[in-house]
Amino acid sequence: MGKRIIVFDTTLRDGEQAPGFSMNIHEKLHMARQLERLGVDVVEAGFAAASQEDFESVKAIAMELKTCITASLCRASRGDIAAAWNAVQYAKRPRLHVFLATSPIHMEYKLRMTPEEVLTRTREAVAYARSLCPDVEFSAEDASRSEADFVCRVFETAIDAGAGTVNFPDTVGYATPDEFADMIRYVLTHTKNIDRAVLSVHCHDDLGMAVANTLAAVGAGAGQIETTINGIGERAGNAALEEVTAALKARADQYDGITTGIDMTMLYKTSRLLTSLTGQKVQANKAVVGENAFAHEAGIHQHGILANKKTYEILSPEELGIPTGKKMVLGKHSGRHALEERLRELGYDPDKMDMDRIFADFKVLADSKKELTDRDISVLVEKDHEQISEHFALIRFIINSGNTITATANIRLRDGDEEKEEVATGDGPIDAAFKAIGKITGMDCRLESYEIEALTEGNDAIGAASVRLSHAGSIQRGRGSSTDIVQASILAYLDAVNKLIAFS
Ligand code: KIV
Ligand code: ZN
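Residue numbers (numbering that gives the first Met the number 0): 0 to 503.
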């Protein structure tokens, strides 16, 4: 077995700061727990100095994680470093991640600092961070467009001041794989004290080369990789964790058997959790976790697969935790114990889940579907995070709709301890339902987006609705799933309304 490299996940920082991927504190905590289960070594929980909300999220994640290192990003200033420390100090294993740009263009136009000033600031910032926290990482922002010898001097300074990890980012996704590998080899041979630190890489995907550059750097000797789930991140995103780790596994022959602590069977689940938390799907042909990644449509391929899976599959769906079409032997008469057993087989830990809710949902679903697949079960489990606080809950709805009449919705909701009912008409059943809910809640919400998708196959497929609602300056996402798309839509709308109330 080859060397074990460190996986630093920045889904909750670089990923979360990209437009459309913001998460509330509960969603971030949910994701952080899943990243720990996945086996990442470092969770970058956020940028504590960015806002009070970011600070609270970093602190909550720091208090939650049991085995991973929790990192907070900070600029090379005392204020940022102190804020980051105030948030991560609660972690079992805290890390401060200080960054400062080193490229000529960033130093001249953004920082307005000379190279000498950058060296001085690096020393002061890292020393201050190190006086607070035993684990400090230093990033030379835009390193790939910096003068190589200067980056080596900056790294030497950071290591002397106490940094245990120095990170070489391809901030604007400009490098090519051969060139990036050369840069990593150069830094490893020209930074005098590099033996006292781990060399990390952080690649962006502006030219679609983030994964290739990360792998090239690993081949050249990098000891830490910075990645995100589904490759989310600033602009075109960061190197996708699932792609880099799958490549290291499938092509161990090319990477000296280098390993990570990632539990590959958790990859798909983690990817799906992120899409359901953010409402941002991955494209069907996405490597490793896309819906088509293991679909074999062409007859000749199907023939090959039936004869020997390795004809067209370099990794099996099972290795990546992708649920197959396997039917559950469970039905509506099955007990909770049998469901828990099946969840364990699928890689979940029922002891840590809200089994009362999951089992209740399972019974409802088993009543409306004859056969439940592993996908149905995954959907039930992923639903578990949806209900943060249920101020408004659906009791029942009646819809009257058709192509020659105006759609009418009659909705009855629980509103705290009371029950309320309203009727409304609209442009179709969903619009009518949303208007009736609006009358009950008294909240004049604007529907920013609405999407519906089939989560499972067949006539009795589970449909998932996602909405984004804005109200009084804040926006929340809501999701709902059901075999009935009107019900899924109502549940999604209520989920978003409840979040707007909870986070107002
Ligand atoms: O892309 C980048 O340079 C970064 C640093 C802050 C590590 O995200
Ligand atoms: Zn970045």
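Beta carbons are placed, not taken as given, at the ideal position from N, Cα and C, and that holds for glycine.
Check	Outcome
Measure the C-alpha to C-alpha separation of Lys326 and Arg152 and round it to an integer number of angstroms.	Here Lys326 scores only 48 on pLDDT, less than 50, and its place in the model is too uncertain to base an answer on.
Regarding Phe98 and ligand 1, is the C-beta to nearest heavy atom distance less than 7 Å?	yes
Which residues in the same chain have their Cβ closer than 7 Å to the Cβ of Thr440, if we skip the five residues on either side of it in sequence?	Phe391 and Val496
Is it buried or exposed for Arg94, if we count other Cβ within 10 angstroms and need 16 for buried?	buried
Would you give the residue range spanned by the alpha helix (DSSP H) that Arg250 belongs to?	It is not in any alpha helix (DSSP H) - Arg250 carries neither H nor E in the DSSP assignment.
Count Cβ pairs between the stretch 254 to 273 and the stretch 329 to 337 that sit closer than 8 Å; are there 3 or more?	no
Please find out if some non-hydrogen atom of ligand 1 comes closer than 7 Å to the beta-carbon of Met213.	Residue identity differs from the one stated: residue 213 is Thr in this sequence, not Met. No; taking the cut-off as 7 Å, the Cβ of Thr213 has no heavy atom of ligand 1 nearer than that.
What's the C-alpha gap between Ala83 and Ile224?	22 Å
Helix, strand or coil, according to DSSP, for Asn166 in the structure here?	strand
Would you say the stretch 137 to 154 touches the stretch 215 to 222, given that touching needs at least three Cβ pairs under 8 Å?	no
Would DSSP call His29 helix, strand or coil?	helix
Quick test of your reading: Ser480 and Ala501, contact by CB under 8 Å. State the CB separation rounded to the nearest angstrom.	Rounded, the Cβ-Cβ distance is 20 Å, inconsistent with contact.
With the cut-off set at 8 Å, would you say Ser270 and Ile228 are in Cβ contact?	yes
Please name the residue in Ala235, Ala211 and Ser71 whose C-alpha comes closest to that of Phe20.	Ala235
What does the Cβ neighbour count give for Asn212, buried or exposed, with the cut at 16 atoms within 10 Å?	buried
Using the Cα positions of Glu447 and Gln475, report the straight-line distance between them to the nearest angstrom.	10 Å
Taking the runs of the beta strand (DSSP E) that are 3 residues or longer, which of them lie wholly in the stretch 314 to 379?	none
Please list the segments of the beta strand (DSSP E) lying wholly inside the stretch 197 to 228, counting only runs of 3 or more residues, in order along the chain.	197 to 202 and 223 to 226
Which residue marks the beginning of the alpha helix (DSSP H) containing Gly437, and which one marks its end?	Pro428 to Thr440
Which class does Glu421 belong to by DSSP, given the choice of helix, strand or coil?	strand
Indicate the three-state DSSP secondary structure (helix, strand or coil) for Pro18 in the structure shown.	coil
Just the Cα atoms here: how many angstroms apart are Gly163 and Ile376?	43 Å
Phe7 bridges to which residues according to DSSP?	Val41 and Glu225
Please confirm whether any heavy atom of ligand 2 lies closer than 7 Å to the CB of Pro18.	no
Helix, strand or coil for Thr101, going by three-state DSSP, please let me know.	coil
Under three-state DSSP, which class holds Phe114?	Rather than Phe, the amino acid found at residue 114 in this sequence is Pro. Correct three-state label for Pro114: helix.
Looking only at its chain, what residues have a beta carbon closer than 7 Å to the beta carbon of Val243, apart from the 5 residues adjacent to it on each side?	Val210, Thr213, Leu214, Ile224 and Thr226
Going by C-alpha distance, which of Ile397, Ser465, Asp416 and His25 is nearest Thr407?	Ile397
Below 8 Å between beta carbons: does that hold for Phe137 and Ala157?	yes
So, does the CB of Asn291 fall closer than 8 Å to a CB anywhere in chain B?	Although the question refers to chain B, the structure presented lacks it and comprises just one protein chain.
Whose C-alpha, out of Ser400, Arg411 and Asp443, is nearest the C-alpha of Gly427?	Ser400
Considering only the alpha carbon of each residue, which of Ile257, Gln253, Leu273 and Asp255 lies closest to Ala239?	Leu273
Quick one, which of Asp79, Glu146, Gly278 and Asp194 has its alpha-carbon nearest Val504's?	Nothing about residue 504 can be reported from this structure: the residues present for the chain run from 0 to 503 only.
Assuming Phe361 contacts Leu379 under a Cβ cut-off of 8 Å, what Cβ separation, rounded to an integer in Å, is found between them?	6 Å
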